[in-house]
Amino acid sequence: MSRTAAKHVSAARVLALAGLLFASSLAVDVAAESVSEDSVKAAFIYRFTDYVEWPAPALQGTQFRIAVLDDAGLAADLAHIVAGHQIKGRTAQVKVIHRAKEAADAQIVFLGPGDAEAHRRFIAGLNGQPVLVVTDEDQGLEEGSTVNFMLIDHRLRFEISLTAAARSGLRISSELLSVAARVEGRLRSNTDCLRSRCPMTVATQ
Amino acid sequence: MMSWMRSWSERLRRLRYSVRGKLVAVVVATTIIAVLVAGVAMLSHDLTVYRRSWVSDLSTQANILALSTTPALLFDDRDTATRNLNALQARPEVQVAAIYNRSGALYARYVRDGANPPPRQLSHPTFGPRIAGERIQLIQPIMQKGEWLGTISLNARYDVQGRINAYFGIFGFVIVLSVLVSLVLSAVLQRVITDPLDAMADVARQVVEREDYTPRAEPSKDIEIGLVVAAFNRMLDEVQHRTIALKQTQEALREADRRKDEFLATLAHELRNPLAPIRHAVKLLELPAADERQRQWGRDVIARQVQRMALLLDDLLEVSRITRGRLELKKTQVDLPSLIAAAVETARPLMESKQHRLETRLPAEPVRLQVDPLRISQALSNLLTNAAKYTDVGGRIALTAALDDEHQLASSVADSGIGLSPQAIPRLFEMFSQVASPVDRAEGGLGIGLALVKGLVEMHGGTVEAYSAGLGCGSRFTIRLPASVVLKTNIAATASGEAQPVPHAGHRSRILLADDNRDAVDMLALVLKMAGYEVYATHSGHEALDVGARVRPEVFILDIGMPEISGYELASRIRRQTWGRDALLIALTGWGQREDKERSREAGFDHHLTKPVDPDQLERLLRDIAPFPTDRLRGTDRGRTGPSRPGPSPL
Chain Z
68 MSRTAAKHVS AARVLALAGL LFASSLAVDV AAESVSEDSV KAAFIYRFTD YVEWPAPALQ
128 GTQFRIAVLD DAGLAADLAH IVAGHQIKGR TAQVKVIHRA KEAADAQIVF LGPGDAEAHR
188 RFIAGLNGQP VLVVTDEDQG LEEGSTVNFM LIDHRLRFEI SLTAAARSGL RISSELLSVA
248 ARVEGRLRSN TDCLRSRCPM TVATQ
Chain C
47 MMSWMRSWSE RLRRLRYSVR GKLVAVVVAT TIIAVLVAGV AMLSHDLTVY RRSWVSDLST
107 QANILALSTT PALLFDDRDT ATRNLNALQA RPEVQVAAIY NRSGALYARY VRDGANPPPR
167 QLSHPTFGPR IAGERIQLIQ PIMQKGEWLG TISLNARYDV QGRINAYFGI FGFVIVLSVL
227 VSLVLSAVLQ RVITDPLDAM ADVARQVVER EDYTPRAEPS KDIEIGLVVA AFNRMLDEVQ
287 HRTIALKQTQ EALREADRRK DEFLATLAHE LRNPLAPIRH AVKLLELPAA DERQRQWGRD
347 VIARQVQRMA LLLDDLLEVS RITRGRLELK KTQVDLPSLI AAAVETARPL MESKQHRLET
407 RLPAEPVRLQ VDPLRISQAL SNLLTNAAKY TDVGGRIALT AALDDEHQLA SSVADSGIGL
467 SPQAIPRLFE MFSQVASPVD RAEGGLGIGL ALVKGLVEMH GGTVEAYSAG LGCGSRFTIR
527 LPASVVLKTN IAATASGEAQ PVPHAGHRSR ILLADDNRDA VDMLALVLKM AGYEVYATHS
587 GHEALDVGAR VRPEVFILDI GMPEISGYEL ASRIRRQTWG RDALLIALTG WGQREDKERS
647 REAGFDHHLT KPVDPDQLER LLRDIAPFPT DRLRGTDRGR TGPSRPGPSP L
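Here the protein sequences come in this chain order: Z and C. Residue numbering for the first sequence follows the numbering used here, starting at 68 and increasing by one per position. Residue numbering for the second sequence follows the numbering used here, starting at 47 and increasing by one per position.
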């Protein structure tokens, strides 16, 4: 999925999404026409925090940091969303980074579209730290990310790699898994699978 | 078909009006009402519970759905939302489920086959359950962390009617079953009540239909029913007892009636008998050719037959007086021999005519009695006459009297006559009963004599009994008088003649007669003149007063029923005159009742004679105006043949 592809998302659907997600309770006055794919992604990222658990050492600071690699636009959207909200009881902070090192103390890192190899190195450089890596690539999960955005039928969806989550020491809620378009690295006989009516089967479709 | 229907309607009618039917109706009605009340209570409770549980069930469902759909809404995953809704396939009651997004647009839906799809837009939703007929709709918000995500709406069947129908099916079944059970149970239990009633009804029917009062209802151990049964049986006892008594009384009445009829026939015959000879005698007397001897014969015949009729009528009156309790005893002290002599004298003519031999045996010691001499001698003479009547010519008659150890007087009359059959004896002393005497029909009577004897003796506290060894063996009648009437006397006091009357010294010579019946007064005047009196015949009260004032008679004989001045008034007027104050006043009337005599006495009469007056009696009265009873005894002493002729009754 590319940024240009995202432009094809019909205005109506985006409008509907925006209405659904942000209208009142986020207290963000987003004009219908200004809803962009970035803002939807930003909202998703913000929502992910409810369904992901970080290990306790990773949340020792007073801030919950979200790092956005090289994508100031999305970072702005995200910052706009989390402003005034707390995540996991901490003050949310969004920053744009350019190198892997800068992501060391973040809880979430968003890797926007870019060089797959660079992303791979970036993720490897995190070295299993408890960081939720969110990518927006066709092969995002192969790069080692935990959550990867994708467009299905012109709608923003995402896939989840439990392998990557396990590596980072993160626990993904089954509820999130149930709405994921694809879940990688999951046993079929898993109780989560039963409870969420096996989204794996959906994922393989 | 018709008879089948009739028998059924009859059965229904009996069921309706019988105790059994009413009990069954009560039991069935109670059962049905109980089941219905219980059923309605259960139904309403069940409907409440159904509603509550269904609503909570639905909201649980909605909550689960909302919860599981929250991520789908958050991450805009319509498929998952739809998939979640599709899980409702497992709930057939849920017809439609829909999830609307924040702006109220339909986001995901689930529609069961055949159900109407949900509206595409949900504006101004009312949260909570809403029941409309057979449908229940539940609308709940989907929230997360206070954030409004959307709305979930569930549409389900609310099958109240089905439940009610099912319940009524159950009720129907339960009612039928419990009515059957209660019918069987009540049939068993009500036997306790209805069986004794049925038994009583059976007995009652038996009694009514067969008039048989012997059956009795079976006693019951139940208190109330036992009481009813016992009362019923006691009633039957009473009815039976009374019915028997009634039948006996009816029988006795019928018998008495029959005897009275016979008596009337006999009476007519007996009264008619003397008429024939009298008629012949009168014819003879009317014949100019008749000589003095024939005329004398005719007079004798008439006198005898008149006497006979008088006797009959006297008997009759006597008996009726006894039966009506009107006869009064005039007890006095009297010697037994004089009583017996009087009785024998009375019966002697008949005995002599049949050449009977009379043996008399009296106690050696003198016996005095405190009795009514006239009545006792009358009783004895009746027995003697009776014996003579039923004893053939030349037979033997024995009259004995003796005191027994207990000082009772037993006087028997035994004869060698036709005797009595054992069957005849018990009824012998009843009125109008008479031993058939074909041999001697002419001597027949009214069957009064013995009843009279019994009545008279019993009035003295005595008894009379009959004995016979059988037909042809003669008979014996015994009168017993109680010791209380037998006086203890010494020989000195038993001088004879005390019962003899002392003739009145005075002789009244002037007699005034008053009667509006000229023939009667003239005839009486003739007879009295012939007897040697100075007689004045008058025909009205005024005339009597005139003549009376003029001639000052010693004796007045006044008819009572006179016009203008009645005998009563005339008597009192005479009594007010100086010339009449001490005169002898004799009433002459057809009325002989006690009240009439009483009235005569009040009017001032000394004596009361009943028409037709016997000239002999009148003459005797005039000759010796002696106080009772000597004049009456003298009647028998003077050879009167009547056994029971009442003397002139002094007032």
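Note that CB positions come from ideal geometry on N, CA and C, so glycine has one too. Fair warning: this is a prediction, and the values are worked out from it, not measured in the lab.
Limits of the unbroken beta strand (DSSP E) element including residue i
i: TYR113 (chain Z); result: Where TYR113 (chain Z) is concerned, there is no enclosing beta strand (DSSP E), although the alpha helix (DSSP H) it sits in stretches over 104-118.
i: ASP194 (chain C); result: Checking the sequence, you will find Trp at residue 194 (chain C) rather than Asp. Where TRP194 (chain C) is concerned, the enclosing beta strand (DSSP E) stretches over 193-203.
i: ARG132 (chain Z); result: 130-136
i: VAL601 (chain C); result: 601-605
i: GLU251 (chain Z); result: 249-251
i: ASP381 (chain C); result: 378-381
i: TYR513 (chain C); result: 509-513
i: GLU580 (chain C); result: 580-584
Chain Z contact for residue i (CB, 8 Å cutoff)
i: PRO164 (chain C); result: no
i: ASP123 (chain C); result: yes
i: THR707 (chain C); result: In this structure chain C extends from 47 to 697, so residue 707 (chain C) is not present and cannot be described.
i: LEU120 (chain C); result: yes
7 Å Cβ cut-off: residues of chain B touching residue i
i: LEU243 (chain Z); result: No chain B appears in this structure, whose protein chains are Z and C.
Residue i versus residue j: straight-line alpha-carbon distance, rounded
i: PHE173 (chain C); j: ALA144 (chain C); result: 14 Å
i: TYR614 (chain C); j: TYR579 (chain C); result: 24 Å
i: ALA447 (chain C); j: LYS500 (chain C); result: 17 Å
i: ASP122 (chain C); j: GLY208 (chain C); result: 40 Å
i: VAL581 (chain C); j: ASP605 (chain C); result: 15 Å
i: PHE189 (chain Z); j: GLY179 (chain Z); result: 12 Å
i: ALA136 (chain C); j: THR197 (chain C); result: 22 Å
i: GLN206 (chain Z); j: GLU226 (chain Z); result: 10 Å
i: ASP652 (chain C); j: ALA633 (chain C); result: 8 Å
i: ALA231 (chain Z); j: LEU244 (chain Z); result: 14 Å
i: LEU111 (chain C); j: ILE219 (chain Z); result: 24 Å
i: GLU264 (chain C); j: ALA245 (chain C); result: 7 Å
i: ASP628 (chain C); j: ARG596 (chain C); result: 16 Å
i: GLU600 (chain C); j: ILE557 (chain C); result: 6 Å
i: PRO512 (chain C); j: LEU502 (chain C); result: Residue identity differs from the one stated: residue 512 (chain C) is Ala in this sequence, not Pro. Computed Cα separation, rounded: 16 Å.
i: GLY371 (chain C); j: ASP418 (chain C); result: 16 Å
i: ASP248 (chain C); j: THR240 (chain C); result: 12 Å
i: ALA335 (chain C); j: PRO323 (chain C); result: 19 Å
i: ALA456 (chain C); j: ASP450 (chain C); result: 7 Å
8 Å CB neighbourhood of residue i in its chain, flanking five on each side removed
i: ALA291 (chain C); result: none
i: MET608 (chain C); result: ALA560, ASP561, ASP562, SER586, GLY587, LEU616
i: THR260 (chain C); result: GLN286
i: ARG564 (chain C); result: HIS585
Endpoints, alpha helix (DSSP H) assigned at residue i
i: GLN236 (chain C); result: 206-256
i: PHE309 (chain C); result: 269-318
i: MET608 (chain C); result: MET608 (chain C) -> no alpha helix (DSSP H), and no H or E assigned at all.
Any chain C beta carbon closer than 8 Å to residue i
i: VAL246 (chain Z); result: yes
i: ARG157 (chain Z); result: no
i: ARG222 (chain Z); result: yes
i: ASP96 (chain Z); result: Summary for ASP96 (chain Z): the model assigns pLDDT 36, below 50, so the residue's position carries little reliability, and this model does not support an answer.
Chain-order list of residues whose beta-carbon lies under 6 Å from that of residue i (same chain, five-residue window excluded)
i: ARG57 (chain C); result: none
i: GLY518 (chain C); result: GLY465
i: ALA649 (chain C); result: TYR614, ALA617, SER618
i: LEU668 (chain C); result: none
Close-in-space but distant-in-sequence residues of the same chain around residue i (CB under 7 Å, 5 per side omitted)
i: ALA327 (chain C); result: GLY344, VAL347, ILE348
i: SER228 (chain C); result: VAL73, VAL74, THR77
i: ASP172 (chain Z); result: ARG132
i: SER612 (chain C); result: ILE606
i: VAL81 (chain C); result: PHE217, VAL220, ILE221, SER224
i: ASP117 (chain Z); result: none
Tell me which residues of the region 103-116 of chain Z have at least one Cβ-Cβ distance to chain C shorter than 7 Å, keeping chain order.
Listed by position along the chain: PHE111, ARG114.
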